[in-house]
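Numbering (our numbering), first residue to last: 64 to 230.
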């Protein structure tokens, strides 16, 4: 029976399994690992670039959902909706639906942040799409455009603009 093969390089510690040593005895970093910048702190520009790219993809997903939104088909799957709520196209009913969707989205975000087992990314995206579509319909009914990019398709992370120093 032949002896087991000898490893090319010996590892110093258990953590070296993840970061093996190079020819000079220094630890190698995995591809994409943060490297220290001139200040000695890790360079996180690649991480932030990835976050921006994901946020852009999420905006496109929401925009596509808004384009294909059908109140009668989608709204009853997201929130408790009565048939009269689905058929009424008045501004008051639209405002009531927007308020219901905002409450449901706030609750879904809270479940996601808490890591709760009932959180659903599909429901979160669906609520965001429905809210953006209902807000757009409400704006078009009232004949005005809201100031700024304040709809849910532009604010994916749920970050609300605050005045400095406000709590």
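Every residue gets a Cβ at the ideal spot worked out from N, C-alpha and C, and that includes glycine.
* Can you have a look at residue 195 and say buried or exposed, based on whether 16 or more other CB atoms are within 10 angstroms of its CB? => As a position in the chain shown, residue 195 is number 132, starting the count at 1. So residue 195 counts as buried.
* Since residue 137 and residue 189 are thought to touch, with beta carbons under 8 Å apart, how far apart are those beta carbons, to the nearest angstrom? -> Taking the first residue of the chain shown as 1, we reach residue 137 at position 74. Taking the first residue of the chain shown as 1, we reach residue 189 at position 126. Going by Cβ atoms, the distance from residue 137 to residue 189 rounds to 7 Å, so yes, they are a contact pair.
* Contacts around residue 27, its chain only, beta-carbon distance under 7 Å, and the 5 residues preceding and following it disregarded -> Residue 27 cannot be examined here, being either before or after the span of the chain that is shown, 64 to 230.
* Determine the DSSP secondary structure at residue 163, reduced to helix, strand or coil. => As a first step, residue 163 must be located in the chain shown, where it is residue number 100. In the structure shown, residue 163 sits in a helix (DSSP, three-state: H, G or I).
* **Candidates 193, 191, 154: closest to residue 204 by CA position** => The count along the chain shown starts at 1 and reaches residue 204 at position 141. Closest by alpha carbon: 154.
* If you draw a straight line from the C-alpha of residue 176 to the C-alpha of residue 192, how long is it? -> Here residue 176 refers to the residue found at position 113 when the chain shown is read from its first residue. Here residue 192 refers to the residue found at position 129 when the chain shown is read from its first residue. C-alpha separation (whole angstroms): 19 Å.
* In whole angstroms, what separates the C-alpha of residue 134 from that of residue 178? -> Residue mapping note: residue 134 aligns to position 71 of the chain shown, counting from 1. Residue mapping note: residue 178 aligns to position 115 of the chain shown, counting from 1. Approximately 29 Å between the Cα atoms of the pair.
* Who are the near neighbours of residue 181 in its chain, counting only those whose CB is closer than 7 Å to its CB and skipping five residues on each side? -> Residue 181 sits at position 118 when you count from the first residue of the chain shown. Counting only Cβ-Cβ distances below 7 Å, and skipping sequence neighbours, we find 174.
* **Outcome for residue 66 when other beta-carbon atoms lying within 10 angstroms are tallied against a minimum of 16** => Locating residue 66 in the chain shown gives position 3, where the first residue counts as 1. It counts as exposed.
* Asked: Using a Cβ-Cβ cut-off of 8 Å (strictly less than) and excluding sequence neighbours within five positions of residue 167, which residues of its own chain qualify?
  -> Here residue 167 corresponds to residue number 104 of the chain shown, with the count starting at 1. Same-chain partners within the cutoff: 141, 142, 190.
* Leaving out five residues on either side along the sequence, give the residues of the same chain with a beta carbon under 6 Å from the beta carbon of residue 187. => Stepping through the chain shown from its first residue, residue 187 is reached at position 124. 171, listed in sequence order.
* Straight-line Cα distance separating residue 150 from residue 108 -> Here the question's residue 108 lines up with position 45 in the chain shown. Here the question's residue 150 lines up with position 87 in the chain shown. One C-alpha to the other measures close to 49 Å.
* Is residue 138 near the ligand MN, judged by its Cβ being under 8 Å from some heavy atom? -> Of ligands this structure carries none, so the ligand MN is not represented either.
* **DSSP-derived helix/strand/coil call for residue 183** => For the purposes of this step, residue 183 is taken as the residue at position 120 of the chain shown. Of the three classes helix, strand and coil, the one that applies to residue 183 here is coil, per DSSP.
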